[in-house]
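Protein chains in written order, with my numbering: chain B, 863 to 1083; chain P, 3 to 397.
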């Protein structure tokens, strides 16, 4: 499903060079649930974004379902993201002028697809957000914002989900609910790569990776 | 896409309201300039074509006053000897002549300000017919008057001048020129009014016998109008001849300075607003970097982001332009007469085709300005990598 080879990412900050990714090789089979942990600043978020094609590596290659992201045009990468991938970020990233249901439908709206309002309501129901469909982001709690972002990620029925600390800032009960949701998706065959700071969540994963200073230093099943 | 743009605009009402006002100001400046230009041009065109007379002979010293009567209806009283009419009639190329007597009215019930009374000899006059509405074209009877379009009162309404009561018999169609504020009457009635004025009016009107204010001339061959004018000035002492080109020239110079001023206002409005609008667009896009990054992650192409940013600016420009055009149109219609007096040009509402063209041009220019202002942020932020946009400067 994912094959990354020799991933390097270098940022320049004046004279200083920063290497958030320093030669990473990574493979993820279809249907895997991979957790990536590590200290803050170890390069986890950059890693996830490179895998998702949200930024290109300085060196190396990434293949998603056999398609080399670097060989694709920007437009082709957008289409691939829209059709295959779902993203949940550290921040909810909802559009403030749109209601919950409009935010959830946004990926479909952007691509000019037929509105999947019934599906959106079903997903929101599963996430306990049905009473909030017409609410605006500023009327939601932190947990509700996160769950709306997850619902938005699921609307196009992605086969690959990249989640960057989706349970950060959530209370333990909501955290459990969110993780059970991801577990359910995984059980249905969705491939998941998730970043977390919470070691307890490793029970949900098929594999746990640890990153340190831009390298994958440890892997456990 | 339009729905998202609309919601984005509504979400920031204060900032976008200011932008809409800026666009409205630009649009109003552009549209007003076009309105005045076309309104004045059409007014002159209609006015000159309906002047009836090919030439107007007036006393040498009163050339400007005569022009002001014809163009703006500014009341004035002046005379020269009636024998001038016979001298003019003898000039080579003159087909026929008719006298006019110009009398500035006192205050009257019809009007806020004194109006120009013009005495004519109906049987000799050849100038008024084209001005009259078809249905009202009948001979003048005793104490009948013909009123310009801006004189208040229905047909049959009595109006008093110098204590003498007249009846509105006919009304002229609007021309945007002095004739709109003028009142025409018989020579005989004018002299009766003058005779009665010492007893009936607060101020007596003195009309000397055997005097006229202007001689209207129809030439045999309109191609020789300027030549005939030169012949009259050469052969008749102490007179000046007004020709359509004189009148056009006088209006054109006033019109040019007015439209130049409006063009300059529109130019400076654009010059000042464009960078400000561009700056606001850049700031707006910058504060939405993360949102742009998320949209890209959700599958939005560069084209979609480009259209979202540009579309928002263009829709704001369209709203501003429509407000600016409608507002300035209303102001121009409501205060047309006042504007005409202030800028000293004849003015009527341009025909609908011209107005539609002016509104369309204004809309296109304003949209263009909106598009240009948002072009840089639209290109810049649509080309950003999603992750770079989301990081908002953090590593």
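Beta carbons: idealized from backbone N, C-alpha and C, even for Gly.
- The beta carbon of residue 865 of chain B sits closer than 7 Å to the beta carbons of 889 and 925 from its chain, once the five residues preceding and following it are set aside; these are given in chain order.
- Beta-carbon to beta-carbon, residue 237 of chain P and residue 93 of chain P are separated by about 6 Å, close enough to satisfy the 8 Å threshold.
- Inter-residue distance for residue 943 of chain B and residue 301 of chain P is about 6 Å (C-alpha atoms, whole angstroms).
- In the displayed model, residue 215 of chain P falls within coil according to three-state DSSP, outside both helix and strand.
- Boundaries of the alpha helix (DSSP H) around residue 1040 of chain B: 1034-1049.
- The shortest C-alpha to C-alpha distance from residue 198 of chain P to any of P:170, P:211 and P:164 is the one to P:164.
- The segment 213-222 of chain P makes contact with the segment 52-72 of chain P; the number of CB pairs closer than 8 Å reaches 3 or more.
- According to DSSP, residue pairing for residue 173 of chain P in a beta bridge involves P:149.
- At a Cβ-Cβ threshold of 8 Å, residue 1024 of chain B and residue 897 of chain B do not count as neighbours.
- Using a Cβ-Cβ distance cut-off of 8 Å, the segment 1007-1022 of chain B and the segment 982-990 of chain B are in contact, since at least three pairs of beta carbons, one from each stretch, lie closer than that value.
- Residue 1005 of chain B sits close to residue 1032 of chain B, with the two beta carbons spaced by under 8 Å.
- Using a Cβ-Cβ distance cut-off of 8 Å, the segment 966-980 of chain B and the segment 298-316 of chain P are in contact, since at least three pairs of beta carbons, one from each stretch, lie closer than that value.
- Within the same chain, Cβ atoms closer than 6 Å to the Cβ of residue 1022 of chain B are found at 946, 947 and 1053, the five residues on either side in sequence being excluded.
- Cα atoms of residue 361 of chain P and residue 33 of chain P: separation of roughly 6 Å, rounded to the nearest angstrom.
- Secondary structure remark: continuous beta strand (DSSP E) runs of at least 3 residues inside the segment 873-960 of chain B, in chain order: 878-890, 895-900, 921-926 and 947-950.
- Contact annotation: residue 101 of chain P and residue 123 of chain P have beta-carbon atoms nearer than 8 Å.
- The CB of residue 1010 of chain B never comes closer than 9 Å to any CB in chain P; the least such distance is about 12 Å.
- By the CB criterion at 8 Å, residue 350 of chain P and residue 25 of chain P fall outside the cutoff.
- Restricting attention to P:334, P:343 and P:371, the CA atom closest to the CA of residue 357 of chain P is found in P:334.
- Annotated as distal: residue 374 of chain P and residue 310 of chain P, with beta-carbon spacing of 8 Å or more.
- In the pairwise beta carbon analysis, the segment 168-178 of chain P is classified as not touching the segment 201-213 of chain P: fewer than three pairs are separated by under 8 Å.
- About 4 Å separates the beta carbon of residue 922 of chain B from that of residue 868 of chain B, a gap short enough to meet the 8 Å contact definition.
- Contact between residue 347 of chain P and residue 253 of chain P holds: their C-beta atoms lie close to 6 Å from each other, under 8 Å.
- With a threshold of 16 other beta carbon atoms within 10 Å, residue 1000 of chain B falls short and is exposed.
- C-alpha of residue 979 of chain B to C-alpha of residue 967 of chain B: approximately 7 Å in a straight line.
- When C-alpha distances from residue 963 of chain B are compared across B:1047, B:982, B:937 and B:934, the shortest belongs to B:982.
- In terms of CA proximity to residue 1059 of chain B, B:1073 leads the group B:881, B:984, B:1073 and B:913.
- The beta carbon of residue 22 of chain P lies closer than 6 Å to those of 318, 321 and 322 in the same chain, with the five residues before and after it left out.
- Residues 195 and 198 of the same chain have their beta carbon placed closer than 6 Å to that of residue 166 of chain P, with the five preceding and five following residues left out of the count.
- Around the beta-carbon of residue 75 of chain P, 16 or more other beta-carbon atoms lie within 10 Å, marking it buried.
- One finds 299 and 301 in chain P with Cβ atoms closer than 7 Å to the Cβ of residue 943 of chain B, taken in chain order.
- Annotation: the continuous beta strand (DSSP E) that includes residue 1069 of chain B extends over 1069-1074.
- Chain-order list of chain B residues neighbouring residue 40 of chain P: empty, with the shortest C-beta distance near 41 Å, by a criterion of under 9 Å.
- Under a criterion of Cβ atoms nearer than 7 Å, no residue of chain P is adjacent to residue 870 of chain B; the nearest Cβ is some 15 Å distant.
- Residue 204 of chain P is positioned such that its CB atom lies no closer than 8 Å to that of residue 170 of chain P.
- Contact between the segment 368-387 of chain P and the segment 276-292 of chain P is established, with three or more Cβ pairs separated by less than 8 Å.
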